[in-house]
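Enquirer: Okay, here's the structure, questions in a sec.
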Amino acid sequence: MSTDTAKQASEDRASQLKMLLDGDWAGMFTIIGPVPRDNYIFPESGQPAPGPEGSETRWQLTGLFTLPGYRGCGIAKRLTETAIHFGKLTSTKMEKACGHKVHTRIRLIVHCHNTGVVNMYEKFGFVDNGRVTLAEACIANKAADMIPIDADPEKWHSRLGIAMEYLV
1 MSTDTAKQAS EDRASQLKML LDGDWAGMFT IIGPVPRDNY IFPESGQPAP GPEGSETRWQ
61 LTGLFTLPGY RGCGIAKRLT ETAIHFGKLT STKMEKACGH KVHTRIRLIV HCHNTGVVNM
121 YEKFGFVDNG RVTLAEACIA NKAADMIPID ADPEKWHSRL GIAMEYLV
């Protein structure tokens, strides 16, 4: 890293820290988990089966949002890095407790037309692991009560969501 690049990165971090300490709300995400194996699986999605209980922690990342005034500042990147770090930290604690390797699996769901977001997550190492419905996405995101009883099949049961996973 060049001196100019390092200086800019340091200034960016300082600016972001100042925003946080001054109380400015810039963005958020929700990470759900650890998710039990049976609650993580959507058999018709084509996703590979997760490991057995105790071999990994499973997380659902949802609701990543950055306020418009802060977009392009690296907030989404920092939030995603934090989610990954949190998942890994929990797996490391489990490793110490149980004495064997525990992997971290983080899933998120992106609409297939949202290519910019798909590309962003691919840069972190998330891979396309299957297709889910809007109903399955609501279930994964702990919002099953949002699914209407008379749900329009085309809207709620078409496989337009990309299940992206990060596994380490």
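At position 140 of the sequence shown the residue is numbered 140 (UniProt numbering), and the sequence of numbers has no breaks. We put the CB at the ideal spot given by N, CA and C, even for glycine.
1) Does the Cβ-Cβ distance between L134 and G161 come in under 8 Å?
2) Leaving aside the five residues before and after I32 along the sequence, list all residues of the same chain whose C-beta is less than 6 Å from its C-beta, in chain order.
3) Report yes if the C-beta distance between I106 and Y40 is below 8 Å; otherwise report no.
4) Since I believe Q47 is in contact with G130 (beta carbons under 8 Å), could you give me their beta-carbon distance rounded to a whole number of angstroms?
5) What are the start and end residues of the beta strand (DSSP E) that includes Y70?
6) Report yes if the C-beta distance between V127 and I109 is below 8 Å; otherwise report no.
7) So is T104 buried or exposed if we call it buried at 16+ other beta carbons inside 10 Å?
Expert: According to the structure data:
1) Position 134 of the sequence shown holds residue 134. Position 161 of the sequence shown holds residue 161. The answer is yes: Cβ separation under 8 Å.
2) If you number the sequence shown from 1, residue 32 lands on position 32. Excluding positions up to five away in sequence, the list reads Q60, K142.
3) In the sequence shown, the residue the question calls residue 106 occupies position 106. In the sequence shown, the residue the question calls residue 40 occupies position 40. Contact flag unset, no.
4) Mapped onto the sequence shown, residue 130 falls at position 130. Mapped onto the sequence shown, residue 47 falls at position 47. Going by Cβ atoms, the distance from G130 to Q47 rounds to 4 Å, so yes, they are a contact pair.
5) What you label residue 70 is simply residue 70 of the sequence shown in a count that begins at 1. DSSP places Y70 outside any beta strand (DSSP E), giving it a letter other than H or E.
6) For the purposes of this step, residue 127 is taken as residue 127 along the sequence shown, with counting starting at 1. For the purposes of this step, residue 109 is taken as residue 109 along the sequence shown, with counting starting at 1. Judged by beta-carbon spacing, I109 lies beyond the 8 Å limit of V127, meaning their Cβ atoms are not closer than that value.
7) As a first step, residue 104 is located in the sequence shown; it is residue number 104 there, counting from the start. By the neighbour-count rule (16 or more Cβ atoms within 10 Å), T104 is buried.
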